[in-house]
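Residue numbering for the sequence shown follows this note's numbering, starting at 397 and increasing by one per position.
No residue lacks a Cβ here, since even glycine has one placed at the ideal position from N, Cα and C.
Shown next, in structure tokens, is the structure this report addresses.
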Amino acid sequence: MTEGIGAAQFPRAELRRASDRETERQHLRAELDRLWARGRDVLGCDLAIMGGAMTWVSERNLVAAISNAGGFGVIASGSMSPQLLSAEIDATTALTRRPFGVNLITLHPQLLELIEVCAEHRVGHVVLAGGLPSSAAVRAIKRSGARVLCFAPSLGFARKLVRMGADAIVIEGSEAGGHIGPVSTGVLAQEILPHLTEVPVFVAGGIGRGEAILAYLEMGASGVQLGTRFVCAHESIAHPRFKQAFIRAAARDAVASVQLDPRFPVIPVRALANAATERFVAMQRRIIDRCARGELSQGEAQLEIEHFWAGALRRSVIDGDIEGGSLMAGQSVGFVTREQSTAEIIEELVSQALAVLAAREVMQQRQLVSREILPGSPAPADV
Ligand SMILES: Cc1cc2nc3c(=O)[nH]c(=O)nc-3n(C[C@H](O)[C@H](O)[C@H](O)COP(=O)(O)O)c2cc1C
Numbered sequence: 397m398t399e400g401i402g403a404a405q406f407p408r409a410e411l412r413r414a415s416d417r418e419t420e421r422q423h424l425r426a427e428l429d430r431l432w433a434r435g436r437d438v439l440g441c442d443l444a445i446m447g448g449a450m451t452w453v454s455e456r457n458l459v460a461a462i463s464n465a466g467g468f469g470v471i472a473s474g475s476m477s478p479q480l481l482s483a484e485i486d487a488t489t490a491l492t493r494r495p496f497g498v499n500l501i502t503l504h505p506q507l508l509e510l511i512e513v514c515a516e517h518r519v520g521h522v523v524l525a526g527g528l529p530s531s532a533a534v535r536a537i538k539r540s541g542a543r544v545l546c547f548a549p550s551l552g553f554a555r556k557l558v559r560m561g562a563d564a565i566v567i568e569g570s571e572a573g574g575h576i577g578p579v580s581t582g583v584l585a586q587e588i589l590p591h592l593t594e595v596p597v598f599v600a601g602g603i604g605r606g607e608a609i610l611a612y613l614e615m616g617a618s619g620v621q622l623g624t625r626f627v628c629a630h631e632s633i634a635h636p637r638f639k640q641a642f643i644r645a646a647a648r649d650a651v652a653s654v655q656l657d658p659r660f661p662v663i664p665v666r667a668l669a670n671a672a673t674e675r676f677v678a679m680q681r682r683i684i685d686r687c688a689r690g691e692l693s694q695g696e697a698q699l700e701i702e703h704f705w706a707g708a709l710r711r712s713v714i715d716g717d718i719e720g721g722s723l724m725a726g727q728s729v730g731f732v733t734r735e736q737s738t739a740e741i742i743e744e745l746v747s748q749a750l751a752v753l754a755a756r757e758v759m760q761q762r763q764l765v766s767r768e769i770l771p772g773s774p775a776p777a778d779v
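Structure representation (structure tokens):
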């Protein structure tokens, strides 16, 4: 009999606990939403998590998946022609009704035509990458009604970009995958977040878990941008061998490109070390020697060095040539341990951030209780 009553009551108690857990999660989500409210507002999405544009990887499927999961997907236009970009925007629109953006490289010879394509398709957000954009480019985007997001490598640049009309700034540290600057994410965040309050700032580079997202939000960021973590999403079209290389790699395997001689500058790129990385160093040595012997001019030598990686990202991402191509990856590659759906990756990041908030609440409640039990014990602020 007793057993019968217990069995009948058990599901109700379970239900109550589940509903308590849901109420608690909603309460914590409200706190997270408060922290990234400006980021959500400027992007127009639920979670201020941008999927950083990755050439060849961030195409319709991954971009739509990120936006459908509540984040903000960004198409990487790379070296696309205006016609290709137009088709990619159409295809992405067919896969999601949520907002997404387009990343344009400022050095692209047809930048203004690409901006025009975004305007024709009423793209709501354009991210300008690859150097300080011209005011003409920023003006053209703003005329179309879209928001402009720009990368800033320092506080001075960030202020200049805001004066030019940037609606949000992305700061990306050297832990990131792909082309990188010299300063780490943590230092850039300290340099810029306390001082740049006019527009929302998104932090990128080396973010692999939700705890880090929360930490940057609490430092004043309005959102974050992640690239590496999304490469092995089910929806990413990256070649299975490219994904396997990410899954096998540790943080230390994602290294910045080596420059042998400052007279022959190398564009810094962070990628997984492979056979091509070694060949690149050997090639630089050969070129520098030939230049010293007068067989090549400095300009010719520089061109050969720059040409080395041409088409290399496509070779690895699309063709799966993981020894001959470029395996651009950030140090957060160490957090990529398996293929997951995009929704699962985003859910995991959010849950990790919420877990920190939950643990903090428990700690605060314990402190309150102990002050009631032991009057005169120090208040949290005194500790
Ligand atoms: C394979 C790969 C390709 C990338 N291509 C681009 C690109 O075309 N344009 C761009 O602005 N950033 C590019 N990035 C940088 C990402 O957009 C993002 O800012 C960066 O990955 C964030 O750092 P994380 O890798 O540590 O998450 C690329 C990154 C990777 C890993």
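Item to complete: Could you work out which residue in Ala409, Glu607, Val519 is closest to Thr489 when comparing CA atoms only?
Response: On the sequence shown, residue 489 is found 93 positions in, with the first residue counted as 1. Comparing Cα positions, the closest option is Val519.
Discussion item. Are there any heavy atoms of ligand 1 lying less than 7 angstroms away from the beta-carbon of Gln621, as far as the coordinates show?
Written reply: Your numbering for residue 621 matches position 225 in the sequence shown. It does: the Cβ of Gln621 is within 7 angstroms (strictly closer) of some heavy atom of ligand 1.
Practice prompt. Could you pull out every residue in the same chain whose Cβ sits closer than 8 angstroms to the Cβ of Met476, ignoring the five residues on either side in sequence?
Written response: Residue numbering aside, residue 476 sits at position 80 when the sequence shown is read from its first letter. Cβ within range, chain order: Glu484, Leu510.
Worksheet item: In whole angstroms, what separates the C-alpha of Ile769 from that of Ala562?
Response: As a position in the sequence shown, residue 769 is number 373, starting the count at 1. As a position in the sequence shown, residue 562 is number 166, starting the count at 1. Answer to the nearest angstrom: the Cα atoms are 53 angstroms apart.
Fill in: Every unbroken alpha helix (DSSP H) inside the region 681 to 708 [4 residues or more]
694 to 703
Worksheet item: Where DSSP assigns a beta bridge to Val665, which residues make up the other side?
Response: Here the question's residue 665 lines up with position 269 in the sequence shown. DSSP lists His575 as partners of Val665.
Worksheet item: Can you name the start and end residues of the beta strand (DSSP E) that Glu568 belongs to?
Response: The count along the sequence shown starts at 1 and reaches residue 568 at position 172. Taken as a continuous stretch (DSSP letters only), the beta strand (DSSP E) holding Glu568 covers 564 to 568.
Worksheet entry | Residue interval of the beta strand (DSSP E) (run including Val620) | Sequence index remark: in the sequence shown, residue 620 carries index 224 (1-based). Val620 -> beta strand (DSSP E) spans 619 to 622.
Item to complete: Please classify Phe676: does DSSP put it in a helix, a strand, or coil?
Response: Residue mapping note: residue 676 aligns to position 280 of the sequence shown, counting from 1. DSSP places Phe676 in helix when its eight states are reduced to three.
Worksheet item: What does a CB cutoff of less than 7 angstroms around Arg681 pick up in its chain, not counting 5 residues either side in sequence?
Response: The sequence position of residue 681 within the sequence shown is 285, counting from 1. Excluding positions up to five away in sequence, the list reads Leu656.
Item to complete: Could you tell me if His703 is buried or exposed, where buried requires 16 or more neighbouring beta carbons within 10 angstroms of its beta carbon?
Response: Start at 1 with the first residue of the sequence shown, and residue 703 comes out as number 307. It is exposed - the Cβ of His703 has fewer than 16 other Cβ atoms within 10 Å.
Worksheet item: So does the region 654 to 669 actually touch the region 565 to 578, counting three or more Cβ pairs closer than 8 angstroms?
Response: yes
Fill in: Cα-Cα separation between Ala777 and Thr593, rounded to whole angstroms
Numbered from its first residue, the sequence shown carries residue 777 at position 381. Numbered from its first residue, the sequence shown carries residue 593 at position 197. Any reading at Ala777 needs caution, since the residue's pLDDT is 49, under 50, leaving its predicted position unreliable; the model's value is listed next. Straight-line Cα distance between these residues: approximately 27 angstroms.
Fill in: For Val579 and Gln698, the rounded distance between their alpha carbons
By one-based count along the sequence shown, residue 698 stands at place 302. By one-based count along the sequence shown, residue 579 stands at place 183. For Gln698 and Val579, the distance between alpha carbons rounds to 25 angstroms.
Worksheet item: Counting along the chain, where does the beta strand (DSSP E) carrying Arg543 start and finish?
Response: Walking along the sequence shown from the start, residue 543 turns up at place 147. That run of the beta strand (DSSP E) goes 543 to 547.
Item to complete: Taking Ala645 as the reference, give the member of Ile445, Val729, Leu545, Phe676 with the closest Cα.
Response: Walking along the sequence shown from the start, residue 645 turns up at place 249. Here the closest residue by C-alpha is Val729.
Discussion item. Is Met724 near ligand 3 - that is, is its Cβ less than 7 angstroms away from at least one heavy atom of it?
Written reply: Ligands displayed in this structure: ligand 1; ligand 3 is not among them.
Discussion item. Does Leu764 pass the burial test, meaning 16 or more other C-beta atoms within 10 Å, or should it be called exposed?
Written reply: Start at 1 with the first residue of the sequence shown, and residue 764 comes out as number 368. Result: exposed.
Worksheet item: Going by the C-beta, is Glu568 closer than 7 angstroms to any heavy atom of ligand 1?
Response: For the purposes of this step, residue 568 is taken as residue 172 along the sequence shown, with counting starting at 1. Checking every heavy atom of ligand 1 against the Cβ of Glu568, one is found closer than 7 angstroms.
Item to complete: Could you tell me the distance, in whole angstroms, from the CA atom of Arg756 to the CA atom of Ala611?
Response: Residue numbering aside, residue 756 sits at position 360 when the sequence shown is read from its first letter. Residue numbering aside, residue 611 sits at position 215 when the sequence shown is read from its first letter. Distance between the alpha carbons of Arg756 and Ala611: 13 angstroms.
Worksheet item: By Cβ distance below 8 angstroms, which residues in the same chain neighbour Asp715 in space, the five residues on each side in sequence not counted?
Response: Here residue 715 is taken as the residue at index 319 of the sequence shown, counted from 1. Answer for Asp715: His635, Gly721, listed in chain order.
Fill in: Selection from Val513, Ile701, Ser712 that minimises the alpha carbon distance to Gln640
Taking the sequence shown and counting its residues from 1, the one referred to as residue 640 is at position 244. Minimum Cα distance to Gln640 is reached at Ser712.
Worksheet entry | First through last residue of the beta strand (DSSP E) which encompasses Phe660 | Within the sequence shown, numbered from 1, the residue matching residue 660 stands at position 264. Careful: Phe660 lies outside any beta strand (DSSP E) and carries neither H nor E.
Item to complete: Give me whichever residues DSSP pairs with Ile471 in a beta bridge.
Response: The residue you call residue 471 lines up with position 75 of the sequence shown. Ile471 pairs with Val498.
Fill in: N- and C-terminal bounds of the beta strand (DSSP E) containing Met450
To locate residue 450, count along the sequence shown from 1; it is residue 54. Note, Met450: premise wrong, no beta strand (DSSP E); not H, not E.
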